[in-house]
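Here's the structure we're looking at; comments come further down.
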Amino acid sequence: EILHCLKNKYFKELEDLEVDGQKVEVPQPLSWYPEELAWHTNLSRKILRKSPQLEKFHQFLVSETESGNISRQEAVSMIPPLLLNAHPHHKILDMCAAPGSKTTQLIEMLHADMNVPFPEGFVIANDVDNRRCYLLVHQAKRLGSPCIMVVNHDASCIPRLQVDVNGRKEILFYDRILCDVPCSGDGTMRKNVDVWKKWSALNSLQLHGLQLRIATRGAEQLVEGGRMVYSTCSLNPIEDEAVIASLLEKSEGALELADVSSELPGLKWVPGLSQWKVMTKDGQWFTSWDDVPHNRHTQIRPTMFPPKDPEKLQAMHLERCLRILPHHQNTGGFFVAVLVKKASMPWNKRPPKLQGELAEPRAPVPPSPAEPMAGCTSDTSELESKLAPGISDTGAVERAENMDSSGSKRDGVCGPPPSKKMKLFGFKEDPFVFIPEDDPLFPPIQKFYALDPSFPKTNLLTRTTEGKKRQLYMVSKELRNVLLNNSERMKVINTGIKVWCRNNSGEEFDCAFRLAQEGIYTLYPFINSRIITVSIEDVQVLLTQENPFFRKLSSEAYSQVKDMAKGSVVLKYEPDPTKPDTLQCPIVLCGWRGKASVRTFVPRNERLHYLRMMGLEVPVGKKREGAAAAPGAASPAEPEDGPGAPSPAEPEHGPGAGSPAEPEVGAGAEQEAGPDASSGGDPAEAGLPR
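Quick note: the sequence shown uses UniProt numbering, first residue 1, plus one each step.
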């Protein structure tokens, strides 16, 4: 629907436009991105802001980005998620995820079928930098998925997780892993001026070891038959082919490079290199490890050179790596390699004779200088893989069962990790507490909304162990499994989407919790009551007026709402296929049925989005009539924090969070525009264009 809107409205308006005597170039689709879902524009930020004709297009981009319907991203960085070939049932790990553009692509792939509220798969998005994790949360929140979890670890020693499979603890292996490692960034020199000032050959030499450790850790956690994509925005072979060649060599056939040459038709690229040299900071070149003087051995490592054996080199098929050069299609420079796992990594293999019992841990092998260990061996699972090379990936199950599983002190609580090391950095997160089966809080909700018996109530969680539960969040059952079995191993920053909020004066009504727009598309399939079917005209009235009286609605909507009890409602618009000119996608909005009027609870950017989709352009700065903070609004002093919201020192207002500038009006107190309200009489017609 947005693509239709872009092509038929915004791009058409740009066709004959001139700015400062220059014809404006109309955005073009990226030929290699499926279904025309990615477009490229040469319009600079300066032109977008200066030109009044382009102001509308600029507002559209900003507003739709905030709503999570459009993402602005470097074209080449869209490639790794596409090559991952992720499906809705896949368990995906994004190892170095911040700021989160690729993560949002992966979430979209999980929700390929919008009729399935809970895909079987999930994305675990990790970043080592605690502050950047919140950027990641903000990006992911725009998409409102119950299948994303943000964690904060060093990717080179990210812990192995356990899951419960029919009562047995098993190691979690991922079907897809995205390994977009930290790099020198020399491929970004066209847009990143800093690269010209700061680049040196030393950057790559310093990063190579870390990149190899991250890729190795990813390979260990990949399921057999799974796919891992390794990518950098650098063109230096030390960060690219050298890492891949070294990983392939030490995998001893467990990994192989996939031939993806036909997967993105239209993309221009050159094959990976099979020969390269290594240069020091001061310009000295080395062709092989044997030439490197002893005093350089700490800076230059043997893994940086191509394999000597020509047969081994040929068998690696390094030409299957993709190198994307900036001048080929006006992009940044990029490197991508797609690896497929054929067997367990050699250090994880178990001798076949020991089927029923654990292999005896062998004496630890001291790390060779070529493979410095990541200094994170305090992690149990890391020790397991380093000290007991006799245990295969699948055979590690028994070891997982013998580990201390008393992770959560109380049932259903994934508490903050106890490890001191983890608490040294970042905000202290609230625990994730799943609501017990017999919690008295749930039956009134179930009754009020006539929730379907299939509703997965055990997936509801809150972020507090004491006092009143203010917000209820929802995760998929697979993420619940991960959360409950790994509270000791994992620093979770955020997961779940908000589905219900407590009314400030909720006890007056039949149900103390109102619906939250953030999670309505996940929740809607289970709701059988409190649904008002509305027409496109009703949606316009509801989104442009603060508290429209019942009589402002169509007769169909009026007849549904007039006998309904006060409280939270769902407003549902179903498209009419016989009217192709009207909006052709369903809309689900949260609302509140008051004494004599109805209102919506939709964040401003989403409100603008729906109006725009219906062909209404709303001037920026205009609010709905009477859109002052009502009693019960989340005030700046009492922010409505999302799950995993940062501390008050650095408030993060995700979509739907009540920001001080524009509080999300709470449905707690009755605030009517009816005859019994202090204003008396009928409110003026909406101040916004209809």
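Just so you know, even glycine gets a beta-carbon here, dropped at the ideal spot from N, CA and C.
Which two residues bound the contiguous beta strand (DSSP E) that contains residue i?
{"i": "GLN162", "result": "162-165"}
{"i": "ARG176", "result": "174-180"}
{"i": "ASP94", "result": "91-94"}
{"i": "VAL475", "result": "Element bounds for VAL475: n/a, residue is neither H nor E."}
{"i": "VAL151", "result": "148-151"}
{"i": "CYS585", "result": "Here CYS585 belongs to no beta strand (DSSP E), and DSSP marks it neither H nor E."}
{"i": "GLU572", "result": "The question names Glu, but residue 572 in the sequence shown is Lys. Here the beta strand (DSSP E) through LYS572 covers 567-573."}
{"i": "ARG142", "result": "Unbroken run through ARG142: none, as it is neither H nor E."}
{"i": "PHE513", "result": "513-515"}
{"i": "PHE11", "result": "Taken as a continuous stretch (DSSP letters only), PHE11 belongs to no beta strand (DSSP E), being part of the alpha helix (DSSP H) at 11-14."}
{"i": "LEU460", "result": "460-462"}
{"i": "LEU257", "result": "255-257"}
Evaluate residue i with the Cβ neighbour count: other Cβ atoms within 10 Å of its Cβ, from every protein chain shown; 16 or more gives buried, anything less gives exposed.
{"i": "TRP592", "result": "buried"}
{"i": "GLU650", "result": "Only weak support is given to the placement of GLU650: the predicted model assigns it a pLDDT of 35, under 50, and the value that follows is read from those uncertain coordinates. Per the 10 Å Cβ criterion, exposed."}
{"i": "LEU133", "result": "A small correction: the amino acid at residue 133 is Cys; Leu does not occupy that position in the sequence shown. CYS133 should be labelled buried."}
{"i": "SER231", "result": "buried"}
{"i": "GLN162", "result": "buried"}
{"i": "ASP240", "result": "buried"}
{"i": "GLY615", "result": "exposed"}
{"i": "ASP538", "result": "buried"}
{"i": "ARG607", "result": "buried"}
{"i": "ARG45", "result": "exposed"}
{"i": "GLN28", "result": "exposed"}
{"i": "LEU611", "result": "buried"}
{"i": "PRO443", "result": "exposed"}
{"i": "ALA112", "result": "exposed"}
{"i": "CYS501", "result": "buried"}
{"i": "SER262", "result": "exposed"}
{"i": "HIS4", "result": "exposed"}
{"i": "ALA242", "result": "buried"}
{"i": "LYS12", "result": "exposed"}
{"i": "ASP186", "result": "buried"}
{"i": "ALA557", "result": "buried"}
{"i": "SER288", "result": "exposed"}
{"i": "LYS91", "result": "buried"}
{"i": "ASN486", "result": "buried"}
What residue does the alpha helix (DSSP H) around residue i start on, and which one ends it?
{"i": "LEU322", "result": "Where LEU322 is concerned, there is no enclosing alpha helix (DSSP H), although the beta strand (DSSP E) it sits in stretches over 322-324."}
{"i": "CYS5", "result": "2-5"}
{"i": "ILE520", "result": "520-523"}
{"i": "THR103", "result": "101-110"}
{"i": "VAL541", "result": "536-544"}
{"i": "GLU556", "result": "555-561"}
{"i": "ALA315", "result": "310-316"}
{"i": "ASN126", "result": "That residue, ASN126, is in no alpha helix (DSSP H); its beta strand (DSSP E) goes 122-126."}
{"i": "LYS169", "result": "Note, LYS169: premise wrong, no alpha helix (DSSP H); beta strand (DSSP E) at 168-171."}
Going by alpha carbons, who is nearest to residue i out of the options?
{"i": "VAL24", "options": "LEU54, ASN8 and LEU30", "result": "LEU54"}
{"i": "CYS179", "options": "ILE445, SER554 and VAL338", "result": "VAL338"}
{"i": "LEU484", "options": "LYS579, LYS102 and ASP164", "result": "ASP164"}
{"i": "LYS308", "options": "ARG296, HIS297, VAL340 and SER246", "result": "SER246"}
{"i": "ASP510", "options": "SER454, ILE445 and PRO525", "result": "ILE445"}
{"i": "ILE79", "options": "PHE173, MET345, CYS96 and ALA38", "result": "ALA38"}
{"i": "VAL459", "options": "LEU523, HIS153 and ARG530", "result": "In the sequence on display, residue 459 carries Asn and not Val. Nearest of LEU523, HIS153 and ARG530 to ASN459, Cα basis: LEU523."}
{"i": "VAL340", "options": "LEU82, LEU255 and TRP276", "result": "LEU255"}
{"i": "HIS58", "options": "ALA450, ASP259, LEU14 and LEU212", "result": "LEU14"}
{"i": "ALA140", "options": "VAL128, PRO453 and ASN69", "result": "ASN69"}
{"i": "PRO159", "options": "ALA86, PHE550 and ARG489", "result": "ARG489"}
{"i": "PHE60", "options": "ASP20, ILE2, ASP563 and PRO346", "result": "ILE2"}
{"i": "ASP290", "options": "GLN22, LYS277 and HIS328", "result": "LYS277"}
{"i": "PRO271", "options": "THR280, ASN115 and LEU235", "result": "LEU235"}
{"i": "GLU220", "options": "PHE173, VAL588, MET189 and THR188", "result": "PHE173"}
{"i": "GLY218", "options": "ILE238, THR331, SER251 and LEU553", "result": "SER251"}
So does residue i have its beta carbon nearer than 7 Å to some heavy atom of the ligand ZN?
{"i": "SER184", "result": "You won't find the ligand ZN in this model; it holds no ligand whatsoever."}
Report yes or no: is there a C-beta of chain B within less than 8 Å of the C-beta of residue i?
{"i": "GLN584", "result": "Protein chains in the displayed structure number just one, and chain B is not present."}
Given 8 Å, three or more beta-carbon pairs between the segment 455-472 and the segment 539-557: No: the two stretches stay apart, fewer than three of their Cβ pairs being nearer than 8 Å.
Contact the segment 475-484 vs the segment 109-129: 3+ CB pairs below 8 Å: A contact exists between the segment 475-484 and the segment 109-129.
The segment 189-208 / the segment 305-319 touching (three or more Cβ pairs under 8 Å): No, the segment 189-208 does not touch the segment 305-319.
Start-end ranges of the alpha helix (DSSP H) lying completely within the segment 25-72, minimum 4 residues: With a minimum length of 4 residues, the continuous alpha helix (DSSP H) runs that stay inside the segment 25-72 are 45-50 and 52-67.
Contained beta strand (DSSP E) runs [length at least 3] in the segment 431-455, N- to C-terminal order: Segments of the beta strand (DSSP E) lying fully in the segment 431-455: 432-434.
Ordered list of alpha helix (DSSP H) runs contained in the segment 183-236, each at least 4 residues: You should have 193-198 and 201-220.
Contact the segment 295-306 vs the segment 190-200: 3+ CB pairs below 8 Å: Touching, no, given that fewer than three Cβ pairs across the two stretches are closer than 8 Å.
The segment 317-324 / the segment 167-177 touching (three or more Cβ pairs under 8 Å): Not touching, per the Cβ criterion.
At least three beta-carbon pairs within less than 8 Å, the segment 142-149 to the segment 100-108: Short answer: they touch.
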